[in-house]
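Residues -22 to -1, 1 to 435 in mature numbering (1 follows the signal peptide of the UniProt record, and there is no 0) are what the sequence shown lists, from first letter to last. No residue lacks a Cβ here, since even glycine has one placed at the ideal position from N, Cα and C. Working notes for the structure below.
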Amino acid sequence: MRKQLFNRLFISAALGLCLTLAGCGGDNQTSTNAGVSVAMPPSAAPAESTINFPKTRDSFLIKRTSTSYAVTDKGIAGTVTSLQTSQTSIKFTDFTVSLLAGDKSKTIAAADLNSLIELYIAFFNRVPDAEGMIYWISEIKAGKTIEQLADNFYSAAITLTEVTGYSDSMSNSDFVKKIYKNVLGRDEVDQEGLNYWTTELNRGSKTRGNLIRTIVGVAHGFKGDSQYGWVADLLDNKVTIGTYFSIQQGLNYNTPTESITKGVAIAAAVTPTDISSAKNLIGVNDSQFDLRNAAPAPQVSINTSVGNVIVELNPSKAPITVANFLRYTDVGFYSNKIFHRVISNFMIQGGGFTVDMIQASTYAPIQLEVNNGLSNVRGTIAMARTSVLNSATSQFFINVVDNVFLDTSGGGYAVFGQVISGMDIVDKIKVVSTTTKSGYADVPVTPIIITSVTRVN
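In structure tokens:
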């Protein structure tokens, strides 16, 4: 029975749709200061959100940063352009990259995303573009079902008869024949298949849009079948290429003509056993680029007079503290400050005083973020504060030993990151000679200057 149903589905050509511390515990040493209904992509992104490059997409590498993206020219100069957070689209001479496609794709179920790609490729006979996918994802999030979208795609297809071959005036019989021709590439239609599917349409069991979706769904059930498994493999590969083009790479051709001609050629190059030819036609060689990957955790370099320390921050567990630290970082606040408190078997503290032991004015204090799963162990960075819980401003400390008691002592001290490189510099700082200066104890005799704190990524 299963084979018979598949034969009917196969005959119907639906299978081809797949084209588709100021003190850090103990005595407080430092005080802080207050201080559509059609499958057409939407119009292009506003100019201010688009950055232009006068070369092809393949001339560059794109890398996600903690805040946006960096575009590196593959040429000899290797120029790196860091994008602003407002720049969500990159226009090259051949493609426009929609940087929101990957994140948008994760807002709906994976099965719905795959079904959307199948519909898009099936009705328009080409790989989907990123802006089109973003639009239809928003429709799903707004409550549209895949079944409703299938009918919407059909409605769009009949407005582009010269491209799709579908028209609203065609009979159900002609519709089935067109599926054979456009999707399976067959001019001959067996009578049994024609009768079965036209009957389904005539009695209203299926709409024209949903007929194709139904057939594709059944085709998936033949994965691994000795006789018809290749059809499911082809479908899967079509989805893989559609995902690669529109979601992973976020691609859109720059002209409607290219979207049609080149998009169709890419889809046609997919076979049940190979997608490399289709990827070669796309012509983008940036294997590490995938818009679905989450933004990396922000990293900063604490640059000192004795060496640099790289710290990875943890915004997921300490969002307020990380945002506060980065605010000071981004305005250059930490430049020419010092590590003013060094205790060899405890921690090194800095970020608030100049060499002359003058305390800098700061922004208003922040809320204490403790009990977040992060602990004051060796190598972690935490916020210094007074005995008042919500009093941390700019000063931070790096634990040189495990100080887990600080997690709860006096209300706790908020850890917000971890040293990932340069712990040897921290260990060098912790053993310097110290003295009392301007009423403050444990001040290095030779100043340990923080020349700057800068973002790494």
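Q: Report the residue from Phe311, Thr137, Val397 whose alpha carbon sits nearest the alpha carbon of Ile428.
A: Working through the sequence shown from its first residue, we reach residue 428 at position 450. It is Phe311 whose Cα lies nearest to the Cα of Ile428.
Q. Out of Asn286, Thr413, Ser67, Arg270, which has the shortest C-alpha to C-alpha gap to Ile277?
A. For the purposes of this step, residue 277 is taken as residue 299 along the sequence shown, with counting starting at 1. For clarity, residue 277 is Gln in the given sequence; the question names Ile instead. If we check each option's Cα against that of Gln277, Asn286 comes out closest.
Q. Can you tell me the Cα-Cα spacing of Arg433 and Tyr47, whole angstroms?
A. For the purposes of this step, residue 433 is taken as residue 455 along the sequence shown, with counting starting at 1. For the purposes of this step, residue 47 is taken as residue 69 along the sequence shown, with counting starting at 1. Going from the Cα of Arg433 to the Cα of Tyr47 covers about 14 Å.
Q | Proximity of Asp380 and Arg356 at Cβ, strictly below 8 Å | A | The sequence position of residue 380 within the sequence shown is 402, counting from 1. The sequence position of residue 356 within the sequence shown is 378, counting from 1. The answer is yes: Cβ separation under 8 Å.
Q: Work out the CA separation of Tyr341 and Tyr391 for me, nearest whole Å.
A: Residue mapping note: residue 391 aligns to position 413 of the sequence shown, counting from 1. Residue mapping note: residue 341 aligns to position 363 of the sequence shown, counting from 1. Tyr391 and Tyr341 have their C-alpha atoms some 19 Å from each other.
Q) Does the count of Cβ pairs from the segment 28 to 41 and the segment 408 to 428 closer than 8 Å reach three? A) No, because fewer than three Cβ pairs between the segment 28 to 41 and the segment 408 to 428 fall closer than 8 Å, the two stretches do not touch.
Q | Between the CA atoms of Glu290 and Pro19 - distance to the nearest angstrom | A | Here residue 19 refers to the residue found at position 41 of the sequence shown. Here residue 290 refers to the residue found at position 312 of the sequence shown. For Pro19, the pLDDT reaches just 39, beneath the cut-off of 50, and the residue's location in the model is therefore unreliable, leaving the point undetermined.
Q | Per-residue burial, Met(-22) [other beta carbons within 10 Å of its own, 16 or more giving buried] | A | Position 1 of the sequence shown, counting from 1, holds the residue named residue -22. Confidence at Met(-22) is low in this model, with a pLDDT of 39, below 50, so the placement of that residue is unreliable and no value is reported for it.
Q.
To the nearest angstrom, how far is the alpha carbon of Val431 from that of Ala301?
A. Residue mapping note: residue 431 aligns to position 453 of the sequence shown, counting from 1. Residue mapping note: residue 301 aligns to position 323 of the sequence shown, counting from 1. Annotation: Val431 to Ala301 spans about 14 Å, alpha carbon to alpha carbon.
(Q) Between which residues of its own chain and Ile86 is the CB-CB distance below 7 Å, once the five residues before and five after are set aside? (A) Translated into positions along the sequence shown, residue 86 becomes position 108. For Ile86, where only same-chain residues beyond five positions count, the Cβ hits under 7 Å are Ile115, Ile118, Lys119.
Q | Same chain, Cβ closer than 7 Å to residue 436, five either side skipped, listed in chain order | A | A query on residue 436 cannot be resolved here, the shown segment of the chain reaching from -22 to 435 and no further.
(Q) Using 8 Å as the threshold, is the C-beta distance between Ala79 and Ser224 below it? (A) In the sequence shown, the residue the question calls residue 79 occupies position 101. In the sequence shown, the residue the question calls residue 224 occupies position 246. In this structure, Ser224 lies closer than 8 Å to Ala79 by Cβ.
(Q) Among Phe102, Phe331, Thr358, Ile40, whose alpha-carbon lies nearest the alpha-carbon of Val397? (A) As a position in the sequence shown, residue 397 is number 419, starting the count at 1. Ranked by Cα distance from Val397, the first of Phe102, Phe331, Thr358, Ile40 is Thr358.
(Q) Measuring CB atoms only, is the segment 99 to 112 touching the segment 215 to 223, in the sense that at least three cross pairs come out at less than 8 Å? (A) These segments touch.
Q: Indicate whether Leu39 and Asp268 have their beta-carbon atoms separated by less than 8 Å.
A: Here the question's residue 39 lines up with position 61 in the sequence shown. Here the question's residue 268 lines up with position 290 in the sequence shown. The beta carbons of Leu39 and Asp268 sit no closer together than 8 Å.
Q) When you compare only the Cα positions, how much space is there between residue 439 and Phe317? A) This structure leaves residue 439 out entirely; the chain is present only between -22 and 435.
Q. CB-CB under 8 Å to Thr249, same chain, minus the five flanking residues each way: which ones, in chain order?
A. Counting from one through the sequence shown, the residue named residue 249 turns up at place 271. Result list for Thr249: Leu212, Asn215, Ser255, in chain order.
Q | From Phe324, Met111, Lys406, Tyr132, residue whose alpha carbon lies closest to that of residue 437 | A | Residue 437 cannot be examined here, being either before or after the span of the chain that is shown, -22 to 435.
Q. Just the Cα atoms here: how many angstroms apart are Thr176 and Lys155?
A. Mapped onto the sequence shown, residue 176 falls at position 198. Mapped onto the sequence shown, residue 155 falls at position 177. Spanning the two alpha carbons is a distance of roughly 10 Å.
Q. From Val284 to Val404, what distance separates their C-alpha atoms?
A. Here residue 284 refers to the residue found at position 306 of the sequence shown. Here residue 404 refers to the residue found at position 426 of the sequence shown. Rounded to whole angstroms, Val284 and Val404 show a C-alpha spacing of 9 Å.
Q) By a C-beta neighbour count over all protein chains shown, 10 Å radius and 16 as the cutoff for buried, is Phe324 buried or exposed? A) The residue labelled residue 324 in the question sits at position 346 within the sequence shown. Buried, since its Cβ has 16 or more Cβ neighbours within 10 Å.
(Q) To test your reading of the DSSP string, which unbroken beta strand (DSSP E) runs of 3 or more residues are found completely within the segment 28 to 59? (A) Considered as a whole, the segment 28 to 59 harbours 28 to 30, 38 to 42, 47 to 51 as its complete beta strand (DSSP E) runs of no fewer than 3 residues, in chain order.
Q) By the 10 Å Cβ neighbour count, where 16 or more other Cβ atoms means buried, how is Val209 classified, buried or exposed? A) Position 231 of the sequence shown, counting from 1, holds the residue named residue 209. Only buried fits Val209, as 16 or more other CB atoms lie within 10 angstroms of its CB.
Q. Which first and last residues belong to the beta strand (DSSP E) in which Asp268 is found?
A. As a first step, residue 268 must be located in the sequence shown, where it is residue number 290. Premise fails: Asp268 is in no beta strand (DSSP E) and is neither H nor E.
Q | Length of the line joining the Cα atoms of residue 441 and Tyr306 | A | Within the shown structure, residues of the chain are numbered from -22 to 435, placing residue 441 beyond reach of any answer.
Q. Which value, in whole angstroms, describes the spacing of the CA atoms of Ser387 and Gly220?
A. Sequence index remark: in the sequence shown, residue 387 carries index 409 (1-based). Sequence index remark: in the sequence shown, residue 220 carries index 242 (1-based). Counting only the Cα atoms, Gly220 lies some 54 Å from Ser387.
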